[in-house]
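Visitor: UniProt numbering applies: residue 1 is where the sequence shown begins, and numbers increase by one.
This structure is in structure tokens; I'll ask about it shortly.
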Amino acid sequence: MRKIIAIITCSLLLASCSAPSTKKSDAIGEIVSCTTINTDRITTKGTVLPCLDGGPGIVMEALRGPVVVNVWGSWCAPCIEEMPYFVALAETGKINIVGVDVEEKNVAAGKKFALSHGMNWPILYDPDGRTKALYGMGVPVTWYINAKGEVAYRHVGLVKSRKILFDEVRKYLDVDL
Numbered sequence: 001m002r003k004i005i006a007i008i009t010c011s012l013l014l015a016s017c018s019a020p021s022t023k024k025s026d027a028i029g030e031i032v033s034c035t036t037i038n039t040d041r042i043t044t045k046g047t048v049l050p051c052l053d054g055g056p057g058i059v060m061e062a063l064r065g066p067v068v069v070n071v072w073g074s075w076c077a078p079c080i081e082e083m084p085y086f087v088a089l090a091e092t093g094k095i096n097i098v099g100v101d102v103e104e105k106n107v108a109a110g111k112k113f114a115l116s117h118g119m120n121w122p123i124l125y126d127p128d129g130r131t132k133a134l135y136g137m138g139v140p141v142t143w144y145i146n147a148k149g150e151v152a153y154r155h156v157g158l159v160k161s162r163k164i165l166f167d168e169v170r171k172y173l174d175v176d177l
């Protein structure tokens with residue numbers, strides 16, 4: 001009888017230790033597909049960027065929110081500094097984030113950066129800086145896009161704290177975090 005109880009107890013303990021189910025965006029070790037990006041599907045002309053995962057890209061002008069678009073590069077020190085705040089924002093599950101990796105020396109460098117910094121949101125790849133026409137010069141830059149696809153606010157430069165990022169999301173996208 002004790003053996004049966006011990007076996008049942010061990011089985012229950014093992015079952016309770018199993019990994020929780022994860023959404024694709026929670027997967028560790030892979031870049032999130034850009035098919036999760038909300039677009040109007042009507043806009044077909046504009047700045048098309050491929051997905052960092054190698055999948056089909058999107059037309060940037062077709063983005064619909066609310067969404068936070070963070071333009072970064074692995075070579076950019078301020079981008080590295082602000083990334084934990086974006087990871088914290090993504091962890092709330094209350095707002096979509098799209099990354100744009102610009103002027104990277106190669107796809108592998110962008111992927112390595114994204115994976116090592118816990119970026120579990122879709123990332124577009126802009127190796128030649130085509131988004132400068134949309135987002136302006138320099139990185140980092142963060143755009144807040146509303147449901148109509150309009151730019152509600154543009155934060156140029158380093159987001160200096162989690163509080164600033166969360167406050168901007170609340171203020172410009174009216175998302176309760």
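Where a beta carbon is used, it is the ideal one built from N, C-alpha and C, also for glycine.
Less than 8 Å between the CB atoms is what I'm expecting for I37 and A114, so what's the real figure, rounded?
Guide: Reading the sequence shown from its first residue, position 37 is the one you call residue 37. Reading the sequence shown from its first residue, position 114 is the one you call residue 114. Actually they are not in contact, since the Cβ atoms of I37 and A114 sit about 15 Å apart, beyond 8 Å.
Visitor: Looking at C-beta atoms only, is the number of pairs between the stretch 40–50 and the stretch 70–88 that lie closer than 8 Å three or more?
Guide: Because the criterion of three Cβ pairs below 8 Å is not met, the stretch 40–50 and the stretch 70–88 do not touch.
Visitor: Kindly list the residues whose CB is nearer than 6 Å to the CB of H117, restricted to its own chain and excluding five residues on each side of it in sequence; keep chain order.
Guide: In the sequence shown, residue 117 corresponds to position 117, counting from 1. Contacts found: M83.
Visitor: Tell me which same chain residues have a C-beta within less than 6 Å of the C-beta of F166, skipping the five on either side of it?
Guide: Locating residue 166 in the sequence shown gives position 166, counting from the first residue. Once the five neighbours on either side are set aside, the close Cβ partners of F166 are L177.
Visitor: Under the rule that 16 or more other beta-carbon atoms within 10 Å means buried, what is M137, buried or exposed?
Guide: By one-based count along the sequence shown, residue 137 stands at place 137. Exposed.
Visitor: Spatial neighbours of Y135 within its chain, please: C-beta separation below 6 Å, excluding the five flanking residues on both sides.
Guide: Start at 1 with the first residue of the sequence shown, and residue 135 comes out as number 135. Closer than 6 Å at the Cβ level, and outside the excluded window around Y135, lie V71, V141.
Visitor: Taking L63 as the reference, which of A88, G73, D174, N96 has the closest Cα?
Guide: Position 63 of the sequence shown holds residue 63. Checking every option, the nearest Cα to that of L63 belongs to N96.
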